[in-house]
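As C-alpha cells, the structure follows; a few thoughts come after it.
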C-alpha cells in the first residue's frame with residue numbers, strides 16, 4: 001500500500017535523511033521518499049505489519065509535525 005504524509009518543517013537534505021531513515025527502520029515499510037518542495041513523504045508499506053499511526057510517531061520523534 002502507498003500513502004503520502006504531509007510533513008511540516010523539512011527544509012534540507014538532513015531533514016530528508018532523518019525522515020526517510022526513521023521510516024525505513026520500521027518493519028513493514030519497504031520505501032520512503034521525501035519530496036522537500038512539496039513537504040511530504042511517499043511511503044510504501046505492508047498494512048498487515050504497520051499502521052499509519054506508527055509512521056507518524058516515527059516522523060514526530062525526529063522533530064517534525066505530520067498533517068496527513
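Residue numbers (UniProt numbering): 1 to 68. All C-beta atoms, glycine included, are put in the ideal place defined by N, C-alpha and C.
Counting of Cβ neighbours within 10 angstroms places residue 31 among the exposed residues, the total staying below 16.
Rounded to whole angstroms, residue 17 and residue 34 show a C-alpha spacing of 8 Å.
The alpha carbon of residue 9 has as its nearest neighbour, out of 57, 26, 40, 21, the alpha carbon of 40. Distance from the CA of residue 23 to the CA of residue 11, rounded to the nearest whole angstrom, comes to 18 Å.
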